[in-house]
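K.L.:
Sharing a structure, written as structure tokens. Questions coming.
There are 4 protein chains.
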Amino acid sequence: MLKVGDKVIVPAITPDWGSSEAQMGVPQHSGGCLCGWKFSNTKDGVFGEYFHVNEADANLAKLPEGMDPAVACMLCDMTTTGFHGGELSEVKLGDTVAIIGIGPVGLMAVQGAALLGASRIFAVGSRKHCCEVARNFGATDIIDYHNGPIDQQILKLNGDKPVDRVIIAGGDVNTFAEAVRLVRPGGIIGSVNYLGDGDNIPIPRLDWGVGMSHKHIHGGLTPGGRVRMEKLANLITYGKIHPEMLITHQFEGLEKVEDALMLMKNKPADVIKPIVIIKYNDNLGK
Amino acid sequence: MLKVGDKVIVPAITPDWGSSEAQMGVPQHSGGCLCGWKFSNTKDGVFGEYFHVNEADANLAKLPEGMDPAVACMLCDMTTTGFHGGELSEVKLGDTVAIIGIGPVGLMAVQGAALLGASRIFAVGSRKHCCEVARNFGATDIIDYHNGPIDQQILKLNGDKPVDRVIIAGGDVNTFAEAVRLVRPGGIIGSVNYLGDGDNIPIPRLDWGVGMSHKHIHGGLTPGGRVRMEKLANLITYGKIHPEMLITHQFEGLEKVEDALMLMKNKPADVIKPIVIIKYNDNLGK
Amino acid sequence: MLKVGDKVIVPAITPDWGSSEAQMGVPQHSGGCLCGWKFSNTKDGVFGEYFHVNEADANLAKLPEGMDPAVACMLCDMTTTGFHGGELSEVKLGDTVAIIGIGPVGLMAVQGAALLGASRIFAVGSRKHCCEVARNFGATDIIDYHNGPIDQQILKLNGDKPVDRVIIAGGDVNTFAEAVRLVRPGGIIGSVNYLGDGDNIPIPRLDWGVGMSHKHIHGGLTPGGRVRMEKLANLITYGKIHPEMLITHQFEGLEKVEDALMLMKNKPADVIKPIVIIKYNDNLGK
Amino acid sequence: MLKVGDKVIVPAITPDWGSSEAQMGVPQHSGGCLCGWKFSNTKDGVFGEYFHVNEADANLAKLPEGMDPAVACMLCDMTTTGFHGGELSEVKLGDTVAIIGIGPVGLMAVQGAALLGASRIFAVGSRKHCCEVARNFGATDIIDYHNGPIDQQILKLNGDKPVDRVIIAGGDVNTFAEAVRLVRPGGIIGSVNYLGDGDNIPIPRLDWGVGMSHKHIHGGLTPGGRVRMEKLANLITYGKIHPEMLITHQFEGLEKVEDALMLMKNKPADVIKPIVIIKYNDNLGK
């Protein structure tokens, strides 16, 4: 049980654990599709001094002794979502993996794929700082889409062989066609990308083996809750992952939230993720 | 080891078992996408007195003592393909399952879903004889697409709740959109349908939870080979399945192959599957 | 949400769904090993007019319209536990399965194995009525341990080939050695038996392939909770399972509980499971 | 297809890929329990200038361009077996893992567990050089059995919480009891240890939750064959693993085989694995 005064992390996804969806194995969809994702969609107040978290003991994670709260913030959504890309595509030891998109989620997908045992990792992106972090996180090849269709570039580099897994962490509805062309029969595409536009995601019939290729298509919202967060936090504590590399800008004070949001909107070349430290109380925060 | 004179079944899929694809777990794609499916695509002679089967000991299955060869023929493709729909959609105990299409493969998908533990089974079809066999195989509700959109009909019958699994064994590229609307978050769509037309399979973005619904999309060619066939044959021997109900017409003699094929092409109301018995040798066949 | 007056089923296992164990995928162990199994171990009052159920909306299952409450009682423990044997041993289409013990749990393991796609099912038992129900539930061979070591009997019947799966639903700590001898490399032993005596379960080193046989050993407490129960109840509603065949004796009134318990203790030849109907209120019960 | 003159790796396990066991998913047991393990048990000649390998195209792996053959030798058995410990225990992102035994196989189990996403890794061993390599491979805590029962030491360090996974890569039949006490309900024990002595492996009944703890017990021979080796080789090529750290001694010439074997038998403090380079032909070897 958590105690008053405990320092905690609030995950992006806070399921209702007794719901039928949670009992069926998808707590992130408790109460309906995507409905465990409360704080971006249905619950208010996360910038406030106090706010309500449902099933607090099950959903708030203890901040490990000595962990920088700024780094811990990278766990709540970026790390867990990026890693879920590797889980959804079921990366196995020695797999070749293509990761499309290396914003903050995609970068954590790179680290997650490496952590799950990938060998060669093709990361698709072009912003210089992101490419550097991608290499630090385990990417072996950086693919710039300015240089031509990414599926053709990757297949050429890979000796004309398709890859074992594709993780989609960027792009749009048309990215899935590239992924289908990239992955081998029996391979898996795992998408954690929010698809904001388009009526349909077109899956190319022939490249998908007239429906019979076993190129499985998975897409899902990250799991959340306390145990997930504490397991990811342990990966930091024991030196296995480095989400602190995502933090490129740090602000202090509630009034800086707007600056930070504008930074994410405008995306100058050097930004990956800004953080805003809000200190309501000397006993909380760092 | 098989011996000369053994009566055998030739599966539709005869993998090259040492191939890299087989080592990766998808023997049906040995040598390339769908390339284990040799006798419909790349190897000739299956109507001949003699023909070559690759890796015969690994790919020919022994006909169990006393089994009618006509019934055994239903295993080679119809039964294994239909059952693979339930495997691809990972039917679990007590799942509600919708099966779209109840031709011979779809009917075996019905029996397969029941065999994997489905509870309520919605079978979509309209031909009278097929509907009767579907009920015999475990379908609890028959949905006729002439009565309106099938997803709306099924959701209404199911108390406005989506189903756990959808098996696609008919329809076309647009069937996947119906399946996505039918299945719950965390559910799985398993397709064994050959998609003959259309550039793309459109997946509706919003119904697919903006990419994050965990409505997984699987599609694949059936496994084949000897062990698969012998396991399915055991299901007949021990009275668990009844593929003999697919056989509506029986012919004798090579010259009747054309009649049988025309029957499949024209599909009169009473046909599910015709069979042609060709006796080259008194020691073979029935 | 349940409403006052709803008729409900109380599962044997009532997890705390937000617990860390539930978040890790084993709600039956919420709060510690076996600790989701509250009503037999730590919570009182199930014979009372009123009693408390933790997380009632998540743990009480609605009795389907028209279902006999006596039959529903067979779901709470016997059916779910028996079926879990098939889940633990991961029965696949066409598998040969040996089921050791055909008391009420073992009988439901027979039906569960059939429901999961087993072909030949060897059921080990000797009481006449149980053997009859086992055959009704899908057993193809009945093995009587009075006739010799069961592993030798089954291997002989199976043409000296080991079986794909073994479900342990009876016997004692020494039963596992028989199971290890019975199962093929790559096969799975799933036990749902309560082991009441003995310091150790001896696994025979050589039969277990000097530790390297991939004869996996699984043992576990059944899952519980509302969704599980409602899925199993659907299997009755749609005619897929028949746990009513377990009920051999029916009593009325609280004062008959002792008679029923003595029946289970003394096990006359004709008993499988007695049921006691207690009517506290005309609006409840049948 | 391999060509004459290709430099290749011979895996310890060379399955018959068409066998029924391979079709069932356990090629390492092709032809019978452990029977894919030919070169240590049933096939001669591996020190010879020429020797026969069954299904050469499927079982010989190409040595990647520029890879030191000495390092490649570490893949054939040590790396693949150690990594199989992590596969058998199904290590997931953020898991705490205890690894019992850090000889060459156990050390690769440490690296494998880290590669599969383990967070805290307890490695049980005492030889100084092995402990150093274990830390290099990702072990966070070294446990010396000279300091008391290893299960008690690890539980204490872990805040009295059991670990998620245990990999057994050393010890004897009694090691499993320690593993059962160490692992949480729902956790998995994966053993890759060759058990040379003892009639039985005793599993402690109470610690195993009277049979109902979901503490699954897996033990198996590593997979082999070409694809497995080439995937592992890619992990070296792309800098993800470092099996070269196992090589502590290097010899040249067939006549040094005995010295190398004696080194493994006597195990001086500084040995992990010796290698013997035999050059039959200038075109082969380094």
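Protein chains in written order, with the working numbering: chain A, 1 to 286; chain B, 287 to 572; chain C, 573 to 858; chain D, 859 to 1144. For glycine and all other residues, C-beta sits at the position ideal for the given N, C-alpha and C. Computed from a predicted model, the values in this text were never measured in an experiment.
Listing by chain order, which chain D residues have their CB less than 7 Å from the CB of residue 120 (chain A)?
P.N.:
Going along chain D in sequence order, the residues near residue 120 (chain A) (Cβ under 7 Å) are 1092, 1096.
K.L.:
For the beta strand (DSSP E) containing residue 122 (chain A), list its first residue and its last residue.
P.N.:
Its beta strand (DSSP E) spans residues 121-124.
K.L.:
Strictly below 9 Å CB to CB, what residues from chain A border residue 602 (chain C)?
P.N.:
The contacting residues do not exist; residue 602 (chain C) stays about 10 Å from chain A at best.
K.L.:
Indicate whether the contact test is met: 3 or more Cβ pairs, each with one atom in the region 992-1003 of chain D and one in the region 131-146 of chain A, closer than 8 Å.
P.N.:
Too few Cβ pairs lie closer than 8 Å, so no.
K.L.:
Taking C-alpha atoms, which residue in C:610, C:612, C:629 lies nearest to residue 575 (chain C)?
P.N.:
Closest by alpha carbon: C:629.
K.L.:
Ordered along the chain, which non-local residues of its own chain (more than five positions away) have a Cβ less than 6 Å from that of residue 971 (chain D)?
P.N.:
Taken in chain order, the residues that qualify are 944, 949, 955, 979.
K.L.:
Give a yes or no on whether the minimum CB-CB distance between residue 895 (chain D) and chain B is below 8 Å.
P.N.:
So, not an interface residue.
K.L.:
Between the region 249-267 of chain A and the region 158-171 of chain A, do three or more beta carbon pairs fall short of 8 Å?
P.N.:
At 8 Å Cβ cutoff, the stretches do not touch.
K.L.:
Could you spell out where the alpha helix (DSSP H) holding residue 1108 (chain D) opens and where it closes?
P.N.:
No alpha helix (DSSP H) contains residue 1108 (chain D), which is instead part of the beta strand (DSSP E) from 1105-1110.
K.L.:
According to DSSP, simplified to helix, strand and coil, what is residue 62 (chain A)?
P.N.:
Residue 62 (chain A): strand per DSSP, three-state reduction.
K.L.:
Between residue 997 (chain D) and chain B, is any beta-carbon pair separated by less than 8 Å?
P.N.:
No, because no Cβ of chain B sits closer than 8 Å to the Cβ of residue 997 (chain D).
K.L.:
By the criterion of Cβ-Cβ separation under 8 Å, what are the contact partners of residue 231 (chain A) in chain D?
P.N.:
Ordered by position in chain D, the residues that pass the 8 Å Cβ test against residue 231 (chain A) are 951, 952, 953, 977.
K.L.:
Tell me whether the beta-carbon of residue 233 (chain A) lies closer than 8 Å to the beta-carbon of residue 27 (chain A).
P.N.:
Not in contact: residue 233 (chain A) and residue 27 (chain A) (Cβ atoms no closer than 8 Å).
K.L.:
Pull up the distance between the alpha-carbon of residue 218 (chain A) and that of residue 1026 (chain D), whole angstroms please.
P.N.:
When rounded, the distance between both Cα atoms is 34 Å.
K.L.:
Is residue 730 (chain C) helix, strand or coil by DSSP?
P.N.:
Looking at residue 730 (chain C) - three-state DSSP - the assignment turns out to be coil, as it is neither helix nor strand.
K.L.:
Name the chain A residues whose beta carbon is nearer than 9 Å to that of residue 490 (chain B)?
P.N.:
199, 200, 201, listed in chain order.
K.L.:
Select from C:817, C:839, C:812, C:800 the residue whose C-alpha is nearest the C-alpha of residue 585 (chain C).
P.N.:
Ranking the options by Cα distance to residue 585 (chain C), first place goes to C:800.
K.L.:
Quick check: the Cα distance between residue 318 (chain B) and residue 451 (chain B), rounded to an integer number of angstroms?
P.N.:
Approximately 29 Å, taken between the alpha carbons.
K.L.:
Does the ligand NAD have even one heavy atom less than 7 Å from the beta-carbon of residue 707 (chain C)?
P.N.:
Although the ligand NAD was asked about, the structure shown includes no ligands whatsoever.
K.L.:
I'd like to know if the region 45-59 of chain A and the region 207-218 of chain A are in contact, where contact means that at least 3 CB-CB pairs between them fall below 8 Å.
P.N.:
The region 45-59 of chain A, when compared against the region 207-218 of chain A, does not touch it at the 8 Å Cβ threshold.
K.L.:
Out of A:100, A:204, A:258, point me to the one whose CA is closest to residue 126 (chain A)'s CA.
P.N.:
Residue A:100 is the option with its Cα nearest to residue 126 (chain A).
K.L.:
Helix, strand or coil for residue 707 (chain C)? Go by DSSP, reduced to three states.
P.N.:
Three-state DSSP puts residue 707 (chain C) in a helix.
K.L.:
Would you give the residue range spanned by the beta strand (DSSP E) that residue 1058 (chain D) belongs to?
P.N.:
Residue 1058 (chain D) -> beta strand (DSSP E) spans 1058-1062.
K.L.:
Let me see if you follow: with CB-CB separation under 8 Å, is residue 945 (chain D) close to chain B or not?
P.N.:
No, its Cβ sits nowhere closer than 8 Å to a Cβ of chain B.
K.L.:
Which of the residues in the region 53-79 of chain A, read from start to end, lie with their CB under 7 Å from any CB of chain C?
P.N.:
Against chain C - using a Cβ distance shorter than 7 Å - the residues of the region 53-79 of chain A are 55, 57, 58.
K.L.:
Just how far apart, CA to CA, sit residue 581 (chain C) and residue 754 (chain C)?
P.N.:
About 37 Å.
K.L.:
Counting along the chain, where does the beta strand (DSSP E) carrying residue 962 (chain D) start and finish?
P.N.:
Run containing residue 962 (chain D): none in the beta strand (DSSP E); it sits in the alpha helix (DSSP H), 962-973.
K.L.:
From this set, B:470, B:498, B:429, which residue's C-alpha is nearest residue 173 (chain A)'s C-alpha?
P.N.:
Cα-wise, what sits closest to residue 173 (chain A) is B:498.
K.L.:
Nearest to residue 238 (chain A) by alpha carbon, out of D:947, D:941, D:933, D:975?
P.N.:
Ranking the options by Cα distance to residue 238 (chain A), first place goes to D:975.
K.L.:
Going by DSSP, what residues sit across from residue 713 (chain C) in a beta bridge?
P.N.:
BP columns for residue 713 (chain C) point to C:694.
K.L.:
Return no unless some Cβ of chain A is closer than 8 Å to the Cβ of residue 972 (chain D).
P.N.:
For residue 972 (chain D), the answer is yes, since a Cβ of chain A falls inside 8 Å of its Cβ.
K.L.:
Counting C-beta neighbours from all protein chains within 10 Å, is the total for residue 857 (chain C) 16 or more, i.e. buried, or is it exposed?
P.N.:
Here the model assigns residue 857 (chain C) a pLDDT of 44, short of 50, so the residue's position is not dependable, and the following value carries that caveat. Exposed, since its Cβ has fewer than 16 Cβ neighbours within 10 Å.
K.L.:
For residue 822 (chain C), is the classification buried or exposed, using 16 other Cβ atoms within 10 angstroms of its Cβ as the cut-off for buried?
P.N.:
Exposed, by the Cβ-count rule.
K.L.:
Can a CB atom of chain C be found closer than 8 Å to the CB of residue 1044 (chain D)?
P.N.:
Yes, residue 1044 (chain D) counts as interfacial toward chain C.
K.L.:
Taking the CB atoms as reference points, tell me whether residue 272 (chain A) and residue 130 (chain A) lie closer together than 8 Å.
P.N.:
Going by C-beta atoms, residue 272 (chain A) is nearer than 8 Å to residue 130 (chain A).
K.L.:
DSSP three-state label for residue 699 (chain C), please.
P.N.:
Correct three-state label for residue 699 (chain C): coil.
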